[in-house]
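Below is one structure; the comments refer to it alone.
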Amino acid sequence: MQAGKNQAAVPSTVHCDHLIQAEVGAVTDLAKANDKNKEVYDFLSSVSNKYGIGFWKPGAGIIHQVVLENYAFPGGMMIGTDSHTPNAGGLGMVAIGVGGADACDVMAGLPWELKFPKLIGVKLTGKMSGWTAAKDVILKVAGILTVKGGTGAIVEYFGDGARSLSATGKGTICNMGAEIGATTSIFGYDEKSAAYLEVTGRADIVALANDIATHLTGDEEVYANPEKYFDQLIEINLSELEPHVNGPFTPDLAWPISKFAAAVKENGWPAKLEVGLIGSCTNSSYEDISRAASLAKQAVDKNLVAKSEFTITPGSEQVRFTVDRDGFLDTFGKMGGVVLANACGPCIGQWARHGADKQVKNSIITSFNRNFAKRADGNPNTHAFVASPEIVTALAIAGDLTFNPMTDTLTNTDGQQVMLDEPRGLELPPLGFAVEDAGYQAPAEDGSSVTVSVSPTSDRLQLLDSFKPWEGVDLKGLKLLIKAKGKCTTDHISMAGPWLRYRGHLDNISNNMLIGAVNEFNDQTNKVKNQLTGEFGEVPATQRDYKAHGIGTIVVGDENYGEGSSREHAAMEPRFLGVRAILVKSFARIHETNLKKQGMLGLTFDNPADYDLIQEDDMIDILGLTSFAPGKPLQVILNHAGGSTDTLIVNHTYNEGQIEWFKAGSALNLIKEGL
Ligand code: SF4
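Positions in the sequence shown are counted from 1; adding 126 to them yields this note's numbering.
Structure follows, in structure tokens:
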């Protein structure tokens, strides 16, 4: 709309998966969401219809699963406004998560750019069996590389072990590669990719891909001597890989199942498991569901009563319909499982979990990919762990985090000790996939007569105003808004959960800006000093006060600032409320780009220890902007309250074009100018 185009310049789709609150079950929850979010869905549907964009209705599924089933293909390239877009790497596609601003640019016809990535090779040997699942590969890799280890890199999986994994298993691994900060992850095209494309109705793509198969995977000499070609090489023997459980509070705290029980006890994590949740965009394939259902069936057959609550989130209507037809949902129901809507639900904080507001210390386990504090239910004391759907199901049956299904027994209702047998499942449905209504709306051939309306009184939707261009001088007299301590993800900067309701209304959603960040000076969240009044207040309110007085501010942060979701609001909100710069030890890639797109200054300390020099009452100048140039550091002067000063060197990664975004006030401003 803002770019003045009639049609999106590249094939594009919109997916409604983040706004459906999980409460009692799919049918009721979806009906409620359709009612509550009607205004937003109508807007998205009409915009899609008008501008040539495919629209996947609420309940159709989660974006990455829908993309894998319908759009992903080997050798293609795609960007998506969600950090788990790399899911499509399971089918050999270069699929990269970006911010909304990046996607808008591409849809408006601008090229997309990326700093040339490093290459990390993961050689998989052997073959999985028993309790081990594809999820365990990425849980293990996350433990090795940590949440930062993949930053600026494409992770390529190869080897005999890679070829033995199902296409959807590969998708799981690539999906969760977002948790190691990877730009994307990818597998080469192989027989498993072909089989999945065939069963999802894309035999024509298989025929084309088979003709050029040698170009859709790495070269032989690369795989023969990987150490020569990759910047880093990891080798994992799938035959020896144990199931893993990662967490709590971070996805890279990796525990082989044999060591997990001891870790639970030593760390004092609540051993009683309250809820097991399977599904999500990363783990709701036919293979996942059928293997988890084999355990649910055993529970019923062996007279075991599941001790934890248990939920299933299918990734798409096609998967839901198929696994329902094949009896798996019925099996879960017998175990006490509740099927949630085909949507993100608890994975994005859209979970009306009863009692979460009491903030009781408790444990949950999911087959999702993220487990940051508060993400699932808003309770900072919920210890969330991540594992394969099989392990989640087994632990939910046991109701105990210290249960190891490979070695331990459970007591059934007859008082007998029974063991769970290894899970069994099928990679692909023997009867093929089926669906009655996939939930897709094709766009109008000619959208010129389609009207898109936004009510000026809406509290959910607000058309964007342009941000002001740079004033052409150095930024002086900025106040410190917050010095964030430790992990500060995009969830901390722009919380999800109930706030997602306001995603279409920048002013309203800005009331969540940085409310999850911990203030270095008092170890509290959402409590910062207002330098104008000396009072302590909430971060958004304090920033609005500075804005009202025409005073710019700066946010200071720690390592990997902005990791997590690709949420562009985490950049738009500070920009909208008048923050001028974010100065950190290091950035997560997508967030740094998002800041640049919004015309913000994203800067890093040349000496990370300078973070310690920032004081609560500092007034800060940023110098060198009048000669802002690629590779040329800027200077920051800290004017401390006592009159002393410190001068710091700060770095940036802006190229020529990105400096123009800063000067214009945002990348969108430049598009509008037709440049
Ligand atoms: S919120 Fe969760 S389920 Fe939804 S796309 Fe993101 S990671 Fe996937």
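Quick reminder that beta carbons are idealized off the backbone N, C-alpha and C, glycines included.
Check                                                                                                                                                                                : Outcome
Taking 8 Å as the cut-off, is the beta-carbon of Ile188 closer than that to any non-hydrogen atom of the ligand MG?                                                                  : In the structure on display, the ligand MG does not appear, and the ligands it does have are the ligand SF4.
Within the present structure, is the beta-carbon of Arg68 separated from the nearest heavy atom of the ligand SF4 by less than 8 Å?                                                  : Limits of the chain in this structure are 127 at one end and 801 at the other, which puts residue 68 out of reach.
For Lys789, which residues of its own chain have a beta-carbon under 6 Å away from its beta-carbon, when the five flanking residues on both sides are left out?                      : Trp596
Rounded C-beta distance between Gly623 and Ala522? I'm assuming under 8 Å.                                                                                                           : So it is not a contact: roughly 23 Å between Cβ atoms.
Kindly examine the ligand SF4 and report whether one of its heavy atoms sits closer than 8 Å to the Cβ of Ile474.                                                                    : yes
Figure out for me which residue from Ser581, Lys594, Tyr780 and Leu640 has the closest Cα to the Cα of Asp168.                                                                       : Ser581
For the region 316 to 403, which segments carrying the alpha helix (DSSP H) assignment without a break, of at least 4 residues, lie completely within its bounds, in sequence order? : 317 to 325, 329 to 337, 346 to 350, 352 to 355 and 383 to 393
For the structure I just gave you, are there three or more beta carbon pairs, one from the region 379 to 393 and one from the region 427 to 435, closer than 8 Å?                    : no
In its own chain, which residues sit with a C-beta less than 6 Å from the C-beta of Val561, not counting the 5 before and 5 after it?                                                : Glu443, Gln444 and Phe447
My parser needs the alpha helix (DSSP H) runs of 4 or more residues fully inside the region 168 to 218; what are they?                                                               : 189 to 196
Enumerate in chain order the residues of its own chain whose CB-to-CB distance from Gly130 is below 8 Å, with the five nearest sequence positions on each side excluded.             : Lys798
Which stretch, first to last residue, makes up the alpha helix (DSSP H) that contains His631?                                                                                        : First-last for His631: undefined, no H or E at that position.
Rounding to the nearest angstrom, what Cα-Cα distance links Gly306 and Asn495 in this structure?                                                                                     : Here the sequence assigns Ile to residue 306, which means Gly is not the residue at that position. Straight-line Cα distance between these residues: approximately 11 Å.
Tell me whether His144, by its Cβ, gets closer than 8 Å to a heavy atom of the ligand SF4.                                                                                           : yes
How far does the alpha helix (DSSP H) with Ala293 in it reach, from first residue to last?                                                                                           : Ala293 to Met302
Evaluate Trp238 with the Cβ neighbour count: other Cβ atoms within 10 Å of its Cβ, from every protein chain shown; 16 or more gives buried, anything less gives exposed.             : exposed
Which residues in the same chain as Asp600 place their Cβ atom closer than 8 Å to its Cβ, once the five residues preceding and following it in sequence are excluded?                : Asp747, Ile748, Leu749, Gly750, Leu751 and Thr752
Mind reading off the beta-carbon distance from Leu342 to Ala335? Whole number of angstroms is fine, and I expect it under 8 Å.                                                       : 6 Å
Say the cut is 8 Å; is the CB of Ser406 nearer than that to a heavy atom of the ligand SF4?                                                                                          : yes
Look at the alpha carbon of Gln358 and the alpha carbon of Ala350, and state the distance between them as a whole number of angstroms.                                               : 15 Å
Would the region 543 to 560 and the region 144 to 158 be scored as touching if the rule is three or more Cβ pairs under 8 Å?                                                         : no
Have a look at Ser691, Lys183, Ser365 and Gly303 and flag the residue whose alpha-carbon is nearest the alpha-carbon of Met254.                                                      : Ser365
My parser needs the beta strand (DSSP E) runs of 3 or more residues fully inside the region 725 to 751; what are they?                                                               : 727 to 731 and 745 to 749
Measure the C-alpha to C-alpha separation of Ile775 and Gly218 and round it to an integer number of angstroms.                                                                       : 42 Å
What is the C-beta distance between Ala214 and Ile246, in whole angstroms, given that I count them as a contact (C-beta under 8 Å)?                                                  : 18 Å between Cβ atoms; not a contact.
What are the uninterrupted segments assigned as alpha helix (DSSP H) that are 4 or more residues long and contained completely in the region 644 to 700, given in chain order?       : 665 to 674
Taking only heavy atoms of the ligand SF4 into account, decide whether any of them is closer than 8 Å to the Cβ of His210.                                                           : yes
Are the CB atoms of Ile222 and Thr294 within a distance shorter than 9 Å?                                                                                                            : no
Under 8 Å: do the region 628 to 641 and the region 700 to 720 share three or more Cβ pairs, one atom per stretch?                                                                    : yes
Any chance the CB of Cys470 is under 8 Å from a heavy atom of the ligand SF4?                                                                                                        : yes
Opposite Gln543 in the DSSP bridges: which residues?                                                                                                                                 : Thr537
Taking 8 Å as the cut-off, is the CB of Ser172 close to at least one heavy atom of the ligand SF4?                                                                                   : no
Name the DSSP beta bridge partners of Thr771, please?                                                                                                                                : Asn765
Can we count Ser691 as close to the ligand SF4, meaning its CB is less than 8 Å from some heavy atom?                                                                                : yes
List the DSSP bridge partners of Phe284.                                                                                                                                             : Lys249
Go ahead and label Ser770 buried or exposed: buried means 16 or more other beta carbons lie within 10 angstroms of its beta carbon, across all protein chains shown.                 : exposed
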